[in-house]
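Chains as they are written, first to last, in my numbering: chain A, 373 to 639; chain B, 373 to 639; chain C, 373 to 639.
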Amino acid sequence: MQTTQTPGRLLTAMRAKNPLVQNITNFVAMNIAANVMLAAGASPAMVHTKEEAGEFARIASALTINIGTLSPDFLAGMKEAAKAAGEAGKPWVLDPVAHFATAYRRAAVADLMKLKPTIVRGNASEIIALAGSQSSGHGVDSGDPTEAAEGSAITLARQSGSIVAVTGEVDFVTDGQHSVRIMGGSALMPRITALGCSLTCLVGAFAAANPERPFEATAAALAMFAVAGEEAAISAAGPGSFLPLFLDRLATLSPETLDTKARIVSA
Amino acid sequence: MQTTQTPGRLLTAMRAKNPLVQNITNFVAMNIAANVMLAAGASPAMVHTKEEAGEFARIASALTINIGTLSPDFLAGMKEAAKAAGEAGKPWVLDPVAHFATAYRRAAVADLMKLKPTIVRGNASEIIALAGSQSSGHGVDSGDPTEAAEGSAITLARQSGSIVAVTGEVDFVTDGQHSVRIMGGSALMPRITALGCSLTCLVGAFAAANPERPFEATAAALAMFAVAGEEAAISAAGPGSFLPLFLDRLATLSPETLDTKARIVSA
Amino acid sequence: MQTTQTPGRLLTAMRAKNPLVQNITNFVAMNIAANVMLAAGASPAMVHTKEEAGEFARIASALTINIGTLSPDFLAGMKEAAKAAGEAGKPWVLDPVAHFATAYRRAAVADLMKLKPTIVRGNASEIIALAGSQSSGHGVDSGDPTEAAEGSAITLARQSGSIVAVTGEVDFVTDGQHSVRIMGGSALMPRITALGCSLTCLVGAFAAANPERPFEATAAALAMFAVAGEEAAISAAGPGSFLPLFLDRLATLSPETLDTKARIVSA
Numbered sequence: 373m374q375t376t377q378t379p380g381r382l383l384t385a386m387r388a389k390n391p392l393v394q395n396i397t398n399f400v401a402m403n404i405a406a407n408v409m410l411a412a413g414a415s416p417a418m419v420h421t422k423e424e425a426g427e428f429a430r431i432a433s434a435l436t437i438n439i440g441t442l443s444p445d446f447l448a449g450m451k452e453a454a455k456a457a458g459e460a461g462k463p464w465v466l467d468p469v470a471h472f473a474t475a476y477r478r479a480a481v482a483d484l485m486k487l488k489p490t491i492v493r494g495n496a497s498e499i500i501a502l503a504g505s506q507s508s509g510h511g512v513d514s515g516d517p518t519e520a521a522e523g524s525a526i527t528l529a530r531q532s533g534s535i536v537a538v539t540g541e542v543d544f545v546t547d548g549q550h551s552v553r554i555m556g557g558s559a560l561m562p563r564i565t566a567l568g569c570s571l572t573c574l575v576g577a578f579a580a581a582n583p584e585r586p587f588e589a590t591a592a593a594l595a596m597f598a599v600a601g602e603e604a605a606i607s608a609a610g611p612g613s614f615l616p617l618f619l620d621r622l623a624t625l626s627p628e629t630l631d632t633k634a635r636i637v638s639a
Numbered sequence: 373m374q375t376t377q378t379p380g381r382l383l384t385a386m387r388a389k390n391p392l393v394q395n396i397t398n399f400v401a402m403n404i405a406a407n408v409m410l411a412a413g414a415s416p417a418m419v420h421t422k423e424e425a426g427e428f429a430r431i432a433s434a435l436t437i438n439i440g441t442l443s444p445d446f447l448a449g450m451k452e453a454a455k456a457a458g459e460a461g462k463p464w465v466l467d468p469v470a471h472f473a474t475a476y477r478r479a480a481v482a483d484l485m486k487l488k489p490t491i492v493r494g495n496a497s498e499i500i501a502l503a504g505s506q507s508s509g510h511g512v513d514s515g516d517p518t519e520a521a522e523g524s525a526i527t528l529a530r531q532s533g534s535i536v537a538v539t540g541e542v543d544f545v546t547d548g549q550h551s552v553r554i555m556g557g558s559a560l561m562p563r564i565t566a567l568g569c570s571l572t573c574l575v576g577a578f579a580a581a582n583p584e585r586p587f588e589a590t591a592a593a594l595a596m597f598a599v600a601g602e603e604a605a606i607s608a609a610g611p612g613s614f615l616p617l618f619l620d621r622l623a624t625l626s627p628e629t630l631d632t633k634a635r636i637v638s639a
Numbered sequence: 373m374q375t376t377q378t379p380g381r382l383l384t385a386m387r388a389k390n391p392l393v394q395n396i397t398n399f400v401a402m403n404i405a406a407n408v409m410l411a412a413g414a415s416p417a418m419v420h421t422k423e424e425a426g427e428f429a430r431i432a433s434a435l436t437i438n439i440g441t442l443s444p445d446f447l448a449g450m451k452e453a454a455k456a457a458g459e460a461g462k463p464w465v466l467d468p469v470a471h472f473a474t475a476y477r478r479a480a481v482a483d484l485m486k487l488k489p490t491i492v493r494g495n496a497s498e499i500i501a502l503a504g505s506q507s508s509g510h511g512v513d514s515g516d517p518t519e520a521a522e523g524s525a526i527t528l529a530r531q532s533g534s535i536v537a538v539t540g541e542v543d544f545v546t547d548g549q550h551s552v553r554i555m556g557g558s559a560l561m562p563r564i565t566a567l568g569c570s571l572t573c574l575v576g577a578f579a580a581a582n583p584e585r586p587f588e589a590t591a592a593a594l595a596m597f598a599v600a601g602e603e604a605a606i607s608a609a610g611p612g613s614f615l616p617l618f619l620d621r622l623a624t625l626s627p628e629t630l631d632t633k634a635r636i637v638s639a
């Protein structure tokens, strides 16, 4: 990665700023996403209704939107917030959960993409479908490996102007020109609900504190998740015991350890 | 239980299929229910809005509906989904949380019962009230022991054509003709919120993978909960430490151990 | 504190009554708040929609309202429930989360204050802003120390007739005439989401069982949180491992230990 900023330095910047990040996410993720952000060093706020979502987006340092449990009321708030974030030059992240599953979801994501997210984070099936290709995804889980989505991610990044992150066993981040792969994590992580959604929120926190470097901020957030997940899995007996260990590790992970253990390679 | 399928075989079938189950459940339960399903081996999707709930029910292998935090928007989605599941021949499970508490809740459950759930799971107070008898329930918790609800469960099963499961210190499952009792679990389980709601979702997963055997699928899901709960309680110091242990045990419980430890007896 | 009731006795009364408490709280808090209440010995019910919120408030022994993830539908239910609780003479608690952040939130809290909450619980920034002073709060977290809010709390208690509780590193409770400070807790507690929201619900449980003593009930709930938090932190390696330990400690804390360890001093 051509950069003068290591993941550890970006983590230090994030913790120093303790950025207020507005998350319009799904009901399954709200609690764990807030705990992930607090543990890592950010300040989450779940504010979604259209009566205040736009006003709040102007106060917050970044916005994340996740369509997991979409409804018309939430979608209206998402659009208000995304517009306000865009106008105010704040970074915002879109997580197009299972957008290919229904007509309602496809239309919602098409509308949100028009509002030009700074970053799109999804699993392989979601990114493949978003780039217009066929996916084997059958629901909220990914049916495709990350590698199968790399071409789609690059296409999507070029079409949309967004940074695109595909997460899975291996993660992939691209701006359409440069790309990196990030290794790490644990096979337990897909067995705990909403960790991907929580990662979307953490990407928002890193982007909030490093708004000039959304590509590197995204890679740093993914690397933090991968390192903390890898270490938490060492002592975990299953998905239940993994989660407290993972939150502890997010809270205690030092920038130096992150730099030592992060495996980010140019693609 | 007159059957050629043991709980362990039904668990094997569930994990092999990794069924996509749509859950329209309450806000308290969404996260833990998803974690219970992922740990046990199913693929949960929380999709509720009427704009897509029916379309999604045709994709999913089963549907579960829980009225815990009911509202008009959710109720509209529930009806769309239950109709679609019924038309598509997919099993669906109803959890009539505290339906006796208010007029709004009573009317909602009456409407949902008309859509003929494959399985109804509730606590003793809920099943007694649903069968038209008096209950001592005062809220969301059960004020009646399971044994007091066995007659009501049989009556309700005969009236409705649904499999009826009453869960508590002892569980009871009936199709109106045959009945079983399931022993196990832990006194800690009622001290953790939404475990009953999560069990409803797990029943949906077993029914999704074993749609021809909803009675045995229900009993198998209850037995899995009872065995995992009993084992998790051994090392738990309270309700907080119970939950991670319980999720770990759901993930690691083998079909062989389930068959050895399940205590299902004809009633 | 001029009282013949110790926190331990109020805890005994709460557990003996196992009060049904209606909580209209935010989506982030619903699960953890229910678990906190179940662990401590109360019976939580999350019932929010205007179609039943008022009817349910007449059944429940107390009501708590938290505007964390406010929306018009929830606000309508909150007003119905608060009116019903007031008419029925049931105690109710208001948690004005980040009410200063947006115009929508400010107006909602102004309306709810007119319905005369028995108790208001907030962080320093929220109480300062509610008393009409300037606050440095920038989001959902408190930017002010508790001490800076003591004068505002007294002013607000006198203006509103409510008991006012400010929670933070040190807690402060006042009825406008008498005040106490409560010490304890852990620096880990602000790193776990929705613990303050959960404390609001626990205050409701203590007030439900001790409706003639809302001041002492509030102080007792805060002392229980402080003692359990302090003890849980001893074995915690971070925010993730803190939470199960904290719930265990709420469940196992005896009235005698609470009386021995509670640090409540007249202010």
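Think of the CB as a built atom: it goes at the ideal place given N, C-alpha and C, for glycine as much as any other residue.
Determine the closest residue to A:T490 out of A:G449, A:S443, A:V465, A:L447, with distance taken between C-alpha atoms.
Among A:G449, A:S443, A:V465, A:L447, the Cα nearest to that of A:T490 belongs to A:V465.
Grab me the residues of A:R563's own chain with a C-beta within less than 7 Å of its C-beta, minus the 5 sequence neighbours each way, in chain order.
Result list for A:R563: P611, in chain order.
Are the Cβ atoms of A:L487 and A:G458 separated by less than 7 Å?
Yes, the pair counts as a contact, with Cβ atoms nearer than the cut-off.
Using a C-beta cutoff of 7 Å, does B:A623 count as contacting chain C?
Output row for B:A623: interface = no.
Against chain C, does B:A600 count as a neighbour if the rule is that its beta carbon must be under 7 Å from one of theirs?
Not an interface residue.
How far does the beta strand (DSSP E) with A:T421 in it extend, from its first residue to its last?
Looking at the DSSP string, A:T421 is not in any beta strand (DSSP E), and its letter there is neither H nor E.
CA-CA distance, C:A521 and C:I500?
C:A521 and C:I500: Cα-Cα distance of roughly 6 Å.
Can you list the beta strand (DSSP E) stretches of 3 or more residues lying completely in the stretch 534–590 of chain B, in chain order?
Complete beta strand (DSSP E) runs here, min 3: 535–538, 543–546, 551–555.
Within the same chain, show all residues whose beta-carbon is closer than 7 Å to that of B:P586, passing over the 5 residues directly before and after it, in chain order.
Correct list, in chain order: P463, T490, I491, I535, A579.
Would you kindly report the start and end of the unbroken beta strand (DSSP E) that includes B:A397?
In the sequence as displayed, the identity of residue 397 of chain B is Thr instead of Ala. Where B:T397 is concerned, there is no enclosing beta strand (DSSP E), given that its DSSP letter is neither H nor E.
Just the C-alpha distance for A:A432 and A:L484, rounded to the nearest angstrom, thanks.
Cα-Cα distance, rounded: 19 Å.
Select from B:L382, B:Q377, B:P379, B:Q394 the residue whose C-alpha is nearest the C-alpha of B:C573.
Of B:L382, B:Q377, B:P379, B:Q394, the residue nearest in Cα terms is B:Q394.
Whose C-alpha, out of C:V542, C:L502, C:L615, is nearest the C-alpha of C:S524?
The shortest Cα separation from C:S524 among C:V542, C:L502, C:L615 belongs to C:L502.
Using a Cβ-Cβ cutoff of 8 Å, what residues of the stretch 417–437 of chain B are near chain A? List them in chain order.
Answer set for the stretch 417–437 of chain B: A417, M418, V419, H420, T421, E423, E424, E427, F428, I431, A432.
Would you kindly report the start and end of the unbroken alpha helix (DSSP H) that includes C:N403?
Counting along the chain, the alpha helix (DSSP H) containing C:N403 begins and ends at 402–412.
Quick check: what's the CA-CA separation for C:D467 versus C:L594?
Answer to the nearest angstrom: the Cα atoms are 14 Å apart.
Could you work out which residues of chain B lie near A:S443, taking near to mean beta carbons separated by less than 8 Å?
Near A:S443 (Cβ distances below 8 Å), the residues of chain B are H420, T421, E423, D445.
Locate the beta strand (DSSP E) running through B:L466, then write down its first and last residues.
Looking at the DSSP string, the run of the beta strand (DSSP E) that includes B:L466 is 464–467.
To the nearest angstrom, how far is it from the Cα of C:D445 to the Cα of C:K422?
Answer to the nearest angstrom: the Cα atoms are 7 Å apart.
Within the 7 Å Cβ cut-off, does B:L410 reach chain A?
Chain A contact via Cβ: present.
Take B:G557 as the anchor and find which of B:L382, B:L383, B:N582, B:R635 has the nearest alpha-carbon.
For the residues B:L382, B:L383, B:N582, B:R635, the minimum Cα distance to B:G557 belongs to B:R635.
Rounded to a whole number of angstroms, what is the C-alpha to C-alpha distance between C:G540 and C:L560?
About 12 Å.
Just the Cα atoms here: how many angstroms apart are C:E427 and B:A566?
Each residue's Cα considered, the two are about 23 Å apart.
Is the beta carbon of B:A414 closer than 7 Å to that of B:A591?
The answer is no: Cβ separation not under 7 Å.
Can C:D631 and C:T441 be called in contact, C-beta distance under 7 Å?
Their beta carbons are not under 7 Å apart, which means C:D631 does not touch C:T441 by this criterion.
Would you grab the beta carbon distance between B:L617 and B:S626 for me? Rounded to a whole angstrom, and I think it's under 8 Å.
17 Å between Cβ atoms; not a contact.
So, are the CB atoms of A:R621 and A:E603 less than 7 Å apart?
Yes; because the gap between Cβ atoms is below 7 Å, this pair is in contact.
For C:V481, count the other beta carbons within 10 Å of its own beta carbon; 16 or more makes it buried, fewer makes it exposed. Which is it?
The residue is buried, with at least 16 neighbouring Cβ atoms inside 10 Å.
Output, in chain order, the set of chain C residues within a Cβ distance shorter than 9 Å of B:P616.
Here the neighbours are P616.
Let me make sure I understand the geometry here. Which of A:A609, A:A434, A:F597, A:V419 has the alpha-carbon closest to that of A:L447?
It is A:V419 whose Cα lies nearest to the Cα of A:L447.
Can you give the Cα-Cα distance for B:L528 and B:T518, rounded to whole angstroms?
Cα to Cα, B:L528 sits roughly 14 Å from B:T518.
Counting along the chain, where does the beta strand (DSSP E) carrying A:L435 start and finish?
434–438 is the extent of the beta strand (DSSP E) around A:L435.
So which residues on chain D does B:G610 lean against when the C-beta distance must stay under 9 Å?
Going by chain labels, chain D is absent from the structure shown, which instead holds the protein chains A, B and C.
For A:G494, which beta-bridge partners are listed by DSSP?
In DSSP, A:G494 forms a bridge with A:V538.
Does any CB atom of chain C fall closer than 7 Å to the CB of B:V538?
By this cut-off, B:V538 is not an interface position.
Beta-carbon of A:F399 versus every beta-carbon of chain B: anything under 7 Å?
Yes, its Cβ sits closer than 7 Å to a Cβ of chain B.
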